[in-house]
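Chains as they are written, first to last, in my numbering: chain C, 1 to 307; chain L, 1001 to 1243.
Working notes for the structure below.
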Amino acid sequence: MSKKARIKEGKVSRRSFVKLLSAVTAGAIAVPDKSEAFNLDAFLQKHFHELTDEEMQQTLDRLTREYNEKYDREDFSVVADGPQQGVKFAYALNLSKCIGCRKCVHACVEENNQHRGTEERKDQIEYIRVLEMEKGSLDLEKSVHDYDHEVPAEGKYYMPVQCHHCNKAPCVKACPVEATWQEPDGIVVVDYNWCIGCRYCAAACPYWARKFNWVEPRLPSEEINPDTHFLGNRPRYNGVMEKCTFCINRVRKGLNPACHDICPTGSRKFGNLLDADSVIRRIIDTKRIYILKEEVGTDPSFYYFFD
Amino acid sequence: MIFKTSFLTLLCLLAVAGTAAAQVISDRIEVLTDDHGFFPCMDCHGDQESVPTPRILEEEHAEPMEWEDADGGVHLVSFGDRVAIADLLGTSGRTDLIGKTLVRIGANVQIETYMEFNGLTPEDSVWTMVHGGGNLWCLDCHDDEDRDKLVRLNGDLLTFNESHLLCGECHGPALRDWDRGIHGSTTGYWDMSRDDGETTMRMLCVECHLPHNPSFKPMTPLAGPVVRIPGRKVEHGDEEGSH
C-alpha cells in the first residue's frame, strides 16, 4: 500500500506522525512569544494554594516579565505578600460625613489597574459605587448612582458600596472551582488564573461588588500602577472576575487602602479588628453601626456608622 | 464778616455730619452684625475681609522657635515640621496609633493643605468670615496683643499649632473623636509599627475646615459610572451581580 493510500484510509505511519509532530513543534516555537499567544506556563499554572514557594516565585517572575513586555515597562513588581499574624481587616464608613464626591471611586481605579473602558465610552470597571440616598431613608431602590450635580445635594446623603469582605461570603460558596476564597486576614480574593468566568459569584453577591471583564482590559501603559500583588491589582485577563481587595498590595505592607487616603472628609476608616486600640475598634465601641443587608447573614467586615 | 459766616456754616455742617456718623457707629455697636467695617482689627487689616493676604509666618519665623507643651516639655520646631500628636498634646506617655501619627507645624502650611484639597486660590470668595453666623468676631479667637497667638475662653494663649484645642472649646465631641482617630483624615499606615516616621499624617482641623468659613463647600463630583445604554438610566436590577 502506498503512503498516500494509507493516509487516505486514516492510517498514518509512525515515521509520518513523528515528522508531523516535529513540524508542528518547530512551528509553535517559531511563533514569537507574545502575551496574547497561548502560554503553556500560564495554562499549566496550579491553583494558588497548591503552588510551592519555588513555583510561586517562578510564577511571579514570569508574570513580572510578561507584564513588563506587554505594557512596555521595566518597573513592574508582582508580589504575593502573605497575611500578618493577629490581623483581621475591617472597614468603617461614616455616612454622616461622606459627601459623594467619588474621589474614592477614581483613586481605586488608578490603584488597582482596572479596565479603563473603551476610548469612546470610558466605561471603566469600578469597584465602588456611590449611592445617593434620600435623607431619612435606607431604601436602596430609591437610590441613584449616576448623579451628576453638585454634591452634597439638599436632602440627600451618600452611601459608597464596595466589597464587604464577608466572613460568610456567598460568592465564595458559589464558585464551582474554588477560584475565590477568604484569606486569614479577612480579604476575599480571586485567583485570576483559576477563574473560569462563570459569574456565579457575581450573581451570589448581595452588594454588587464583583465586576467581570467582558473584554480584554484596556490599560494604557502610562496609567499603570506597577506595584502589584498576585491576588490583587496585577493586570487581569478577558473573561475573569475581579473585585475590591482592600488594596491588598498596600494593606499587606501596613498602608491604608487608596480609597481611605484620598477621602477629603475623612469618612473612611480602616484597621485591625483584633487590635483593641485600633480606630476600627473605637468606632465599633462608641458609634452607631449599620450593617448593609444584615438580614442576608453574610457577616461582613465593612461597617457603616453615623455620628 | 464773610470769613466768620463761612466758618460758622462749615462748623454747622461738620456737627451735622459728625452726629450722623456717630449715629451710624452707634447703630453698628448695638446691632453687632458681622459687618467687618466695625471690627477694630480691620482698621489695619481691611484686606482680610474677602481677599486675605496672610502674613508669611515662615518669613517672620525663619529661625526655629521654642514651644512649650502641656507637660512642660520644650520643643524646637520650624514651620512645616512634622511632630507627633503625642508631643503636640503634651501627653508624653502616649504611644498608640493616634499618638504616634504626625501633624504639620504652622498655620500657613495647614491652610495650604486645605486650599490644595479644595482647589482654592486666595481670590476665591470663601474667605469671608462666616464662622459662628455673625456671633463671633476676631478677638474671640485671636489675641488682641499678640497676633501670633490664639486665645482660649479662659484667657490662656495658644500657638497656631494648637488651634485644634481652641476649636474643641465649642466643638468638644468633634475634638474627642479626632483624638480617637474617628473624626478627620489620616493618611499613610494603618500599622504604625511599620511606619517610617514620615508617612503617616493626621490633618488638623484647619486643614479640612477653613477657620473663617469652616463648612465643606459643594463640589462637582468626579465622573459617575457609564450607563450601559447611552441615554437611558440603568436600573439597579440591570447591573450584573445585582438583585
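Backbone N, C-alpha and C fix where the C-beta goes; we use that ideal spot for every residue, glycine too.
Here the structure is a predicted model, which means the values were calculated and not measured.
Residue i versus residue j: straight-line alpha-carbon distance, rounded
i         : j         : result
C/LEU44   : C/TRP194  : 10 Å
C/LYS287  : C/VAL279  : 11 Å
C/VAL215  : C/GLN58   : 28 Å
C/ALA202  : C/VAL190  : 12 Å
C/GLU134  : C/GLU294  : 20 Å
L/HIS1209 : C/ILE284  : 26 Å
C/ASP139  : C/HIS145  : 13 Å
C/THR245  : L/ASP1081 : 34 Å
C/GLY155  : C/ILE99   : 12 Å
C/ASP148  : L/THR1200 : 33 Å
C/ASN256  : L/HIS1212 : 31 Å
C/GLU132  : C/GLU141  : 11 Å
C/SER16   : C/ARG210  : 51 Å
C/LYS269  : L/THR1121 : 29 Å
L/CYS1167 : L/CYS1205 : 8 Å
C/VAL177  : C/VAL130  : 31 Å
C/ASP185  : L/HIS1164 : 35 Å
C/GLY297  : C/VAL188  : 16 Å
L/ARG1180 : C/PHE212  : 39 Å
L/LYS1100 : L/GLY1188 : 12 Å
C/TYR207  : C/THR64   : 32 Å
L/LEU1076 : L/VAL1083 : 10 Å
L/LEU1222 : L/GLY1072 : 47 Å
C/PRO32   : C/GLY82   : Residue placement at C/PRO32 cannot be trusted, given a pLDDT of 46 that sits under 50; what the coordinates show is reported in the next sentence. The alpha-carbon atoms of C/PRO32 and C/GLY82 are separated by roughly 35 Å.
L/VAL1130 : C/PRO160  : 31 Å
C/VAL172  : C/ILE125  : 21 Å
C/LYS168  : C/ARG199  : 18 Å
L/THR1186 : C/MET56   : 35 Å
C/TYR304  : L/GLU1066 : 43 Å
C/ALA204  : C/PRO170  : 6 Å
C/THR228  : L/GLU1145 : 56 Å
C/ALA174  : C/GLN162  : 19 Å
C/HIS312  : C/TYR158  : The question about residue 312 of chain C has no answer here: the residues shown for chain C are numbered 1 through 307.
L/ALA1174 : L/GLU1207 : 15 Å
C/LEU274  : C/LEU292  : 22 Å
L/LYS1149 : L/CYS1141 : 9 Å
L/ARG1202 : C/ASP41   : 46 Å
L/PHE1133 : L/LYS1217 : Checking the sequence shown, residue 1133 of chain L turns out to be Gly, not Phe. Whole-angstrom Cα-Cα distance: 16 Å.
C/GLN85   : L/GLY1224 : 38 Å
C/PHE302  : C/LYS243  : 15 Å
L/GLY1227 : C/ILE128  : Just to set this straight, residue 1227 of chain L is Val in the shown sequence, not Gly. If you take the alpha carbons of L/VAL1227 and C/ILE128, they lie about 15 Å apart.
C/LYS70   : C/VAL240  : 18 Å
L/SER1193 : C/SER22   : 59 Å
C/ASN39   : C/PRO235  : 16 Å
C/ASN238  : C/LYS253  : 29 Å
C/ASN225  : L/ASP1196 : 22 Å
L/PHE1039 : C/ARG121  : Because L/PHE1039 sits at a pLDDT of 47, beneath the cut-off of 50, its placement in the model cannot be relied upon, and the point is left open.
C/VAL109  : C/PHE89   : 21 Å
C/TYR192  : C/ALA179  : 8 Å
L/PRO1064 : C/SER77   : 42 Å
Integer Cβ distance of residue i from residue j, believed to fall under 8 Å
i         : j         : result
C/ASN113  : C/ASN233  : 5 Å
C/CYS263  : C/GLU111  : 13 Å between Cβ atoms; not a contact.
C/PHE230  : C/VAL79   : 7 Å
L/TRP1190 : C/GLY197  : So it is not a contact: roughly 33 Å between Cβ atoms.
L/HIS1183 : C/GLY266  : 7 Å
L/VAL1074 : L/ILE1085 : With a Cβ gap of about 18 Å, L/VAL1074 and L/ILE1085 do not count as contacting.
L/MET1219 : C/VAL251  : Not confirmed; about 28 Å, so no contact.
L/VAL1143 : L/LEU1157 : Residue identity differs from the one stated: residue 1143 of chain L is Asp in this sequence, not Val. Right, the Cβ-Cβ distance comes to about 6 Å (below 8 Å), so this counts as a contact.
L/ASP1096 : C/ASP277  : 5 Å
Completely contained beta strand (DSSP E) runs for the region 1169-1228 of chain L, where each covers 3 or more residues: Listed in chain order, nothing qualifies, since the region 1169-1228 of chain L has no complete beta strand (DSSP E) run of 3 or more residues.
Whole alpha helix (DSSP H) elements within the region 91-169 of chain C, 4-residue minimum: List check, alpha helix (DSSP H) in window: 103-111.
Cβ contact check for the region 256-265 of chain C and the region 97-114 of chain C: 3 or more pairs under 8 Å: Under the Cβ criterion (8 Å, minimum of three pairs), the region 256-265 of chain C counts as touching the region 97-114 of chain C.
Residues within the region 1180-1198 of chain L neighbouring chain C, beta-carbon criterion of under 9 Å: So the list reads ARG1180, GLY1181, ILE1182, HIS1183, GLY1184, SER1185, THR1186, THR1187, GLY1188, TYR1189, TRP1190, ASP1191, MET1192, SER1193, ARG1194 and ASP1195, given in the order they occur along the chain.
Runs of beta strand (DSSP E) wholly within the region 191-272 of chain C (minimum 3 residues, chain order): Entirely contained in the region 191-272 of chain C, the beta strand (DSSP E) runs reaching 3 residues are, in chain order, 227-229 and 268-272.
The region 216-223 of chain C / the region 114-122 of chain C touching (three or more Cβ pairs under 8 Å): They touch, by the three-pair rule.
Runs of alpha helix (DSSP H) wholly within the region 1111-1151 of chain L (minimum 4 residues, chain order): The region 1111-1151 of chain L contains these whole alpha helix (DSSP H) runs: 1138-1141.
Residues of the region 1212-1223 of chain L whose Cβ lies closer than 8 Å to any Cβ of chain C, in chain order: Correct list: PHE1216, PRO1218, MET1219, THR1220, PRO1221, LEU1222 and ALA1223.
Interface residues of the region 167-182 of chain C facing chain L [CB-CB below 7 Å]: Among the residues of the region 167-182 of chain C, none has a Cβ less than 7 Å away from any Cβ of chain L.
Selection of the region 100-112 of chain C by Cβ proximity to chain L, strictly under 8 Å: Of all residues in the region 100-112 of chain C, the ones placed with a Cβ closer than 8 Å to any Cβ belonging to chain L are GLY100, CYS101, ARG102, LYS103, VAL105 and HIS106, in chain order.
Positions along the region 1134-1156 of chain L whose CB lies within less than 7 Å of some CB in chain C: Of all residues in the region 1134-1156 of chain L, none has a Cβ within less than 7 Å of some Cβ in chain C.
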